[in-house]
Every structure is written in structure tokens, then in C-alpha cells.
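Following: one structure in C-alpha cells, then a few remarks.
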Amino acid sequence: MNESSIILLLCVLVPMFAAFLVWLNSDRPNVRDATSIVTTVILFGLVLKLYPAVLAGETLEFEVATLVANISLKFSVEPLGLMFATIASGLWIITTLYAIGYMRGNNEKHHTRFFFCFAFSIGAAMGIAFSDNLLTLFIFYEVLTLSTYPLVTHKGTDAARQGGRNYLSTLLTTSIGFLLPAIIWTYASAGTLDFIPGGVLAGQFNPAYLPLLIALFAFGIGKAALMPFHKWLPSAMVAPTPVSALLHAVAVVKAGVFTMMKVMIYTVGLDFAAMTSASMPIAYVACFTLTVASLIAMQKDNLKARLAYSTIGQLSYVVLGIMLANQAGVFGGAMQIAMHAMGKITLFFCAGAIYVATHKTEISDMQGLGRKMPFTFAAFFIASLSIIGLPPLGGSWAKFYLIMGSLEAEQMIIVAALLLSSLLNIAYLLPIVARAFFLPLPDSKQAAPMIGHESNDINPLHVQEAPILCLMPLIITAAGSVALFFYADAIYALIALIPLSGG
Amino acid sequence: MSSDVALTTLNWVQQLPAIQIAVPLAAAPFCSLLPGRKAPWLLSQLVALTSLCVAFLIYFQVLEHGSITYRLGGWDAPWGISIDIDSLNTLVLLLVTFTTTIITFAAKASLSQEIPEHKAALYNTALILGLAASIGITITGDAFNVFVFLEISSLSTYALIAMGKDPRALLASFRYLIMGTIGATFILIAIGLMYMATGTLNMADLSQRLPALADSSMIQASFAFFVIGAGLKIALFPMHFWLPSAYTYAPSIASTVLAATATKVSMYVLIRFIFDVYGVDIAFDTLNIALFLLPLSLIAIVSGSLSAIFRTELKSLLAYSSVAQMGYMTIGIATATTAGFTAATVHMFNHGIIKAALFLVLVGITYRLGSCELKQLAGAGRRMPWTIGAFVAGGLSLMGVPTTAGFISKWYLILAVIERGWWPVVILILISSLLAVVYVWKVVEHAWFKEADQTLADKQTEAPLSILIPVWIMVIANFYFGLDTSIPVGLAETAAQNLAGVFNNPTLETLAGDL
């Protein structure tokens, strides 16, 4: 065991330890929030320290304890996990800043509980990113579900309780009902749950049953929001916007699709799947999901609901990529994880900023708002282009590889679906921007003054943005979406190291 | 691999098995003479603690020697009564002594509210007697001795239940008395038939003679009587009707002890007699007990969990949950494989730990609120977070969330069932796990999302430390045994190995071919 292996354990423990520090400082808000911020930076630093080893191809492992039989609670790092960890920890820094601004700006209650669960959830996400075997991953997957539940029900209203119930019941039903049997079936067949390049099932598992196993995994990983187990995502929108940003861009959904990729690459094995075409049924389900989700998104007037359905569709891109079971598909899926995270988080930040500044939630109320909040809507526009997949935004690379992968697999229907979905994405995202910039503001006599800006005679442009702690993060992430276009090769260099077939 | 004992040496280590049984047995009558509340409680606590220490010493002995045999009075088996302790009963011994010790910590506060002072001595006497009997059933190597201790344990249980405050406690106790006596009588008939056929009562001896008699209708009848009798005792569906009312109306501490030990010891008896004494030939090849056990277990796990969901009183909710959990164990037995045996044995231990934790929380809740009705818990999560939090943590173990003891049991059970290829059973097990999520979440919702009026809110304070500490010790035990499985799984697997050659394990070829 390399000395740097301890970093793996630290990545999981540091956020959880920070959560307790937050709890202890519940009556000192500034110390508490400072603790949160410092921890995020420390975590990001720890994750970055892993890069030299991974890029050099070294193995880092850390075994904690034996759990059952020959399976232990063990951490190790490989390129895909490192990418996920980087995204999660990097965006966590920004989300924490945003959350502090949002919670204070909106006078939300129960800050301590919020930041406690926030930190704990990131620790769980790190556990997922660095798990060495399927059981460790399953443990942290469940921990993530349970630690995000208080975040979803944060507001304590009846709607929040109902949303929380939906969230928990869907995720626990899918994980206990589908994912657990899939894991045990894998163990019963292969005798191991380790993640091994090329998978552990080839030669040990009857190929006739592989589509069923893959289906159990795909539907069991409820966090990937594959239809029909997608309802928890819009339900979880009752949570405050930083939670939505965390859940839907950084941690929960990304954990879901990451798990999907990890299972396909390291447990099932891409060659085994491709040979038997066992993953194609789920690829079609993903296609269906991304189309239907986009169609539903078009009809939603509530901004967060629209973004929720957009997320469901965008996640299916990753599922689609991995189910194509070829290298381009893997690249497309991995890129999509990164690009979508950056883009979606920007969109959610904008939604939250709009709410903090104006208390508006419906898109039809947002006409002309672009004049009052130009930075916010500009960021929204940039992030939308990334989601749609247009250059020079990062999302275009993801789309590119996905189309390449579909062509390679000779699935013309999927190519058509991908192109159609880009059009649908335009249809549900750009009108929001257009409405904000090109329509006039409602009559100023009737318009209520912006919250917190009752007298703004010093502002000649009448710009009334959200507080700075809400504004800076979204500008940063919007810039990030652009930067990712130009620095996509850095991501490429990392994911090219993913061993796609057995040694 | 057994180490015999010559009574001429007074090496105390070698006398441990006798000490294990003698201490509580001797203390019980003495306890009935003690006045007040404190003295009897102190005595029962002391006895439980001593039993725990002795149990641990025996555990280390068993780890070293594999098994211990002790001849009572120096009489050789099969004429004398012997005590045979191997890995299987060590596990049960540890469970019984550990849970009783921790639970008794909490007893003083709870009993001061639930039983009158003049009955305190009687209560503790019954408790110590019950402990002695449970230990006796667990470690004895003589079949008739099992029956004797079973009766002692039942008698003490009837007394314990009848002491409940609610007038329905007497009825509950009476119902249990009737059903329990029928069960014990059936077991007695079974033992009698075995004795008639073989001339011996020693379990090790029986296990060697009975397989040859597999075709004898006397032995087959004996087995049938035995399974029904033991089934009554473990609350196998549909013979479970005594359990919910017994757990609900007994004093809270009594329910806790019962839930953690009584049914587990009876399950041990079932496992021991099926796999060791009668053997797999009689149990599964000649008479297919799986055909009987499996459907009933499946009904138990689904209907038990469903009934639990609709309960509004927490003690009866957990009682029905216990019926479902016993079903898991009998499914494990029905698979007749090493993995199934391991699953049943491990869950026997883990479930005792889980229910001890959960019922101890109810002890705390009853202490503060007077009853365990769900509506009493409205909003309690905020005012008694440590108490309700413990319930949620124990509930996680009940649901089988990874890192808890419940998950380990579930893992082994599903693995065993998949090995046999019984996919519909896998689905039913998963469905009942999901149902468990529903009833645990009912409590969460009441505790955190409902609001109480002022009088109720004032009563909702944290349980006293004397109850909270044992609660959290058991909760931590849940997580401990979910991560460090060396005791439960280690002992279960050793037991399975000792019975090697007994199981009908599917071969590797069948596995790869089927799957």
C-alpha cells in the first residue's frame, strides 16, 4: 500500500468530519460556514494530489475492513472515479459559497442541519468515487440516499414531506429491489465483487441472462433517473435551490450515472456486453427517456421543474453512451458527466438567483428580467448552449462522442434521437433567455420592487442582481462551461486511461 | 475434538459450563426473598453480568478447542446429562447473556413505573429463572433436559408477561400458556418417541442413531411432532398468534428480554434438532420439511410485514415485524445448504441484537409517555432526538441497510436462496424488506413531520440516561456486528463446517449451468 493511499480514506473522512465540526459550531454561523468552505478547499486539494499517481498508472488502494466473506470495505482510484471526484469536490466549493449566500439571502431555517447533511453527502459521494468493489459502492450509495433525504425535506412543509417520501421510496425501492439482487447475483456467479478491467462476469455468467442482469443494474441505480423511475427528481425540487444544484448537478445524479458506467466497465465488461448486445435494450430505454423527458420539459412552466426534466434527459445521454459499449460511447458518457455538471449547475444557480432576487419561479413571469439581471441570464444562455451541445461550449464534445459511438454501433435510430433531442433542448431552454431579453418588462408601476433593492436610484441601468455570493458562483461556472470546451483534452487525457478491456 | 472433563480436578476453567448454569439457577430463589426494588434489580444485574463473563470465557475455550463437553455429576453419557457446547450454541449463549445484561441496565427505571414494588422481587426472580432456563436450553446436550429447561423458561415467561400493567396482560399470558404448553407437549412426545426408538436421550448419541432409523414411521412421526412443537415456540405462521399480544402487554422490559432471547433460543432448538440430531436425511430427504417450512415462511415474511405497517402501537408493530424476521430464518433452514444454515444462524444472532435495540427504545418511550401509541410520538423527533434517533438507527438495521447487522443477515440469506435458484423467494424477501422500510418510515414521519399539542409536547423529553445508555450500546452493537462479523459469521461458519457432509449443497456445475 502506497503512502498516498491514505488520501483515499481522507477524502471520505474529511467531509464527514467537517460535518461534525459544523454541527458543533451550530451557534456560531460564521465559524460554521467558514469550516464548510475550508473543508471544500482541503478536499479539492486532496483529490488533486491523486492525479500524479493515476496519470502514471500506479495503483492506490486502501482497505478498511472485511465485510462479508472475501469482500472488504476498500478504496482504490481509477481514472473515471478520479474524474467524478474532481467534479464533485470542485463544484462543491462553488456550491457551498452559493448555498451560504442563498440560505442567508433567503432567510432559510436550520442552516446547521443543511450544512451537516451537505458535507456528509459529499463524503458519501467520495466513497462512491473511490470504491474498489461493488459492495463498498453500494454502501456509500445508500448512505448518500439517506444523507440527502433531510436536504430534500428541508423546508418541512407538507409538500417537502411528500417530495421526501417520493425521493426515499423510489431510491430505496430501486436499490433494495433491483440493485441488491443484481449485486448478489453477480457475487453468486463470479465469486467476487471487485472492479476489474474487462469485468468479472465473462465466462462465469450465462449470456442469455445478461440483458436481465444489466436491466436490474440499470433500473436499480435509481439515481440515474431512467424512466420509469425518474419521478423522484422533479419531486426533489421542493428542496432549496442549492440542494437542487448539489443533487442534480454535483452529487446524487452524477453518482448514479457514474455507478452505471463503473458497473458496465468493471463488473459486466464492455466486451462481454458488446459481444452479446445485452445492453442494447437499456440503450433504447435511455433513448426513450431522453426524448420523452425533453418533451415534458417543454411543457413545464416552473423553471426548476423544467430543469429537472432536462436533467433526466441529459442523464440518459450518459446511460446511452455506456450502453453502446464502445470506446466512443464511454468517452461521450464520461465527457457528458463533466460537461453536464458544469452546465446544469449554472442553470440551477441562475434559477436560485432569480428566486432570491425576485421570488419568481414561473417562466411566464420572467419576461424582461434579463434587463434587470443581465449577468444571470447571460450565464443562463451560455450554460444552455452547453446543454444543447453547441460549440464553443463543453457540451458539444460530449454530443460529438455520443454520435460517434452510435455510428460505430450502427444504431441510426439513436443518432436520430440524439439530433432530435438537441432540437428539443433548444426548444425548452432558449425561449427562457429570449423571453428575458427580448420581451419588455411588465408595466413598472405594477411591478413590485426587487427584494432588497427598494431604493436604487444610484443605479442608472436599473440592474438588480442577486446578492454577490449567489452571482459569483454562476459566473464562475458559466465561464467554466466555456473553458471546458478548450480544455477538453485534459479530460480526454484522463478518461483515455480507463482500461476498457481485460488485461 | 472435545475435551473431556474428569471431575477429580477442580480446575475452575473446566467447570465453566456448570458455573454458567448454576449461578442463575441458584440465584433465582434467593432473589425472591429480597425486599424492595433495588436489591432484586442489583442481583439480577449481577447474575446477568456474571453469566456474560462466563459466556465469554466459554467462547474463548470453544475457539481454542472446537467444542466442550461436560458431564454433569461425572456420569458418562448417554446415561448422565452432558453439556455440549460447540460454535452453534456458543453464539446463542453470547446473544442471550449479552442482551440480558444490557437490557437489565435499563430495567430499574422502567420497572419503577410499570410494576408495583411488592412484585419487584418476583419479577427479577422470574427474569433470572428465565435466563437460567435459556442458558440451559442452549448448552445442554440432553434432549429431555431441553424439554425441562424449555418448560422452566415458559413458566417464567408466563409470569413475566402476566405482570404487565394492562389487564389484557393476563389474557395474553394465558393464551401463551395454552399455546406454549401444546408446543412443549409436542416436543415432549417427539422426545419420547425418539427415546422409545433408540433408548438414548443424549443428543450426540441420537444424532448417530437416528439416521439409520429414517424409514421408521415412529421417527418420522417424532420429527413431525417436533417441528410443530418448535414451530409454536418460534411463532412460525400460523402458530404465531400468541406473540403480538404477549409482546404488547408484558412490561416493556420483559418484552425486550423476550424479543431478544426467547424466540431465538427456540430457533436454536429447531436448528439443532433438524441439522444435528435428526439430520438432513430425515429432515429433507425422507420427509421434505422444506415443503412445510418454505410456504409458511413466505407467508410469514409478507403478512408479518404487512400487518406491522397497519399497527398504530409500536410494540405490536415490532412484534409482527419479529414474526416476519423469524420467517427469514426458517427460509434459511429450508434451503438445506451451508449458506442457508449460515444465514439462519447469523440472523438468529443479529435479529436478537436488532430487536433488543428497538424494544429498548420503546422502554424509554413508555417511560416518558406512558404508552407506545404512534400518535404519542407526534413531533417527538425534535424533543427527544437521541431516543427517536436510536429507533431510526435500529430501524436501518431492520431494513437491512449496509453497514448494519441486518444487512449481513440479508446478504447471506439472499445468497443462499440464489444458490438454490429460488428466484420467486428472492423477490418475496426483497418485497418484505421494502415493507420494513415502510413501517420504519411511519415512525420517522410521525416523529419529525407531525406536531403535538402542548400537554403532549411537555411530556416528550429524552429518556433518562439509565435507559438511553443501554439503548445506544445496542444500537452501536448493531453497527459493530454489521462491520466486524467475526463473531456471528465466524461461529456460524464453524458450526456449518462441523456439520459438513450434512448439507445438500448445489455443485459448482449446477451453479454455472443454471445462471
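The listed protein sequences derive, respectively, from chains A and B. In case it helps, the working numbering puts the first sequence at residues 1 to 503. In case it helps, the working numbering puts the second sequence at residues 504 to 1018. Where is the CB? At the ideal position from N, CA and C, for every residue including glycine.
- Ile618 (chain B) is not a Cβ neighbour of Leu653 (chain B), given a cutoff of 8 Å.
- DSSP, reduced to helix, strand and coil, places Tyr573 (chain B) within a strand of the structure shown.
- Between the region 304-318 of chain A and the region 415-433 of chain A there are three or more C-beta pairs closer than 8 Å, enough to call the two in contact.
- Residue contact check for Leu986 (chain B) against chain A: a CB pair falls below 8 Å.
- Between the region 280-290 of chain A and the region 117-135 of chain A there are fewer than three inter-stretch CB-CB distances shorter than 8 Å, so the stretches are not counted as touching.
- Below the 7 Å Cβ cutoff, chain B contributes no neighbours of Trp232 (chain A), its closest Cβ being approximately 14 Å away.
- Counted as a single uninterrupted DSSP element, the beta strand (DSSP E) harbouring Lys74 (chain A) occupies residues Ile71 to Ser76.
- Proximity of chain B to Thr173 (chain A) at the Cβ level (cut-off 7 Å) is accounted for by Leu937, in chain order.
- Within the model, the alpha-carbon separation for Ser755 (chain B) versus Pro670 (chain B) is close to 14 Å.
- Sixteen is the threshold: when 16 or more other Cβ atoms of the shown chains lie within 10 Å of the Cβ of Ser131 (chain A), as they do, the residue is buried.
- Under the criterion of beta carbons closer than 8 Å, Gln464 (chain A) and Lys372 (chain A) qualify as touching, at roughly 5 Å.
- Contact note: Gly177 (chain A) reaches chain B through Leu933 and Leu937, using a C-beta cutoff of 7 Å and chain order.
- When C-beta distances to chain A are compared with 9 Å, every residue of the region 513-543 of chain B stays at or above that value.
- Ile414 (chain A) and Cys287 (chain A) have their C-alpha atoms roughly 7 Å apart.
- In chain order, Pro905 and Thr906 make up the part of chain B whose C-beta sits under 8 Å from the C-beta of Ile139 (chain A).
- Of the residues B:Ile970, B:Gly884 and B:Gln957, the one whose Cα lies closest to the Cα of Glu948 (chain B) is B:Gly884.
- Within the DSSP secondary-structure output, Asp194 (chain A) pairs in a beta bridge with A:Asn133.
- Residues Phe138 and Gly220 of the same chain have their beta carbon placed closer than 8 Å to that of Leu180 (chain A), with the five preceding and five following residues left out of the count.
- Residues of chain B whose Cβ lies closer than 7 Å to the Cβ of Tyr487 (chain A) do not exist; the shortest such Cβ separation is about 38 Å.
- Using a CB distance below 8 Å, the part of the region 183-207 of chain A facing chain B consists of Ile184, Trp185, Tyr187, Ala188, Ser189, Gln204, Phe205 and Asn206, ordered along the chain.
- In the structure shown, Asn648 (chain B) adopts helical secondary structure according to DSSP, grouped into three states.
- With contacts defined as CB atoms closer than 8 Å, Ala893 (chain B) and Ala859 (chain B) fail to qualify as a contacting pair.
- For Ser535 (chain B), the three-state secondary structure derived from DSSP is coil.
- Counting only runs that start and end inside the region 107-164 of chain A, the alpha helix (DSSP H) elements of at least 4 residues fall at 111-129 and 134-152.
- Annotated three-state conformation of Asn425 (chain A) is helix, per DSSP.
- Scanning the region 846-933 of chain B from its first residue to its last, the whole alpha helix (DSSP H) runs of 4-plus residues come out as 883-886, 888-902 and 908-923.
- Fewer than three pairs of CB atoms, one per stretch, sit closer than 8 Å, so the region 543-554 of chain B makes no contact with the region 587-594 of chain B.
- Listed along chain B, the residues sitting closer than 8 Å to Ala65 (chain A) by beta-carbon distance are Leu986 and Asp987.
- Counting along the chain, Asp587 (chain B) sits inside the beta strand (DSSP E) bounded by residues Ser585 to Ile588.
- Under a criterion of Cβ atoms nearer than 7 Å, the residues of chain B adjacent to Glu142 (chain A) are, in order, Val904 and Pro905.
- The CB of Trp914 (chain B) comes closer than 8 Å to the CB of Val68 and Ile184 in chain A, given here in chain order.
- Excluding its 5 nearest sequence neighbours in each direction, Arg712 (chain B) has C-beta neighbours in its own chain below 6 Å: Thr701, listed in chain order.
- In terms of CA proximity to Asn206 (chain A), A:Ala273 leads the group A:Ala245, A:Pro150 and A:Ala273.
- For Thr276 (chain A), the enclosing alpha helix (DSSP H) has its first and last residue at Leu270 to Thr276.
- Listed along the chain, the chain B residues whose CB falls inside 9 Å of the CB of Arg161 (chain A) are Glu948, Trp951 and Phe952.
- Only those residues of the region 791-817 of chain B whose C-beta falls short of 9 Å from the nearest C-beta of chain A would be listed, and there are none.
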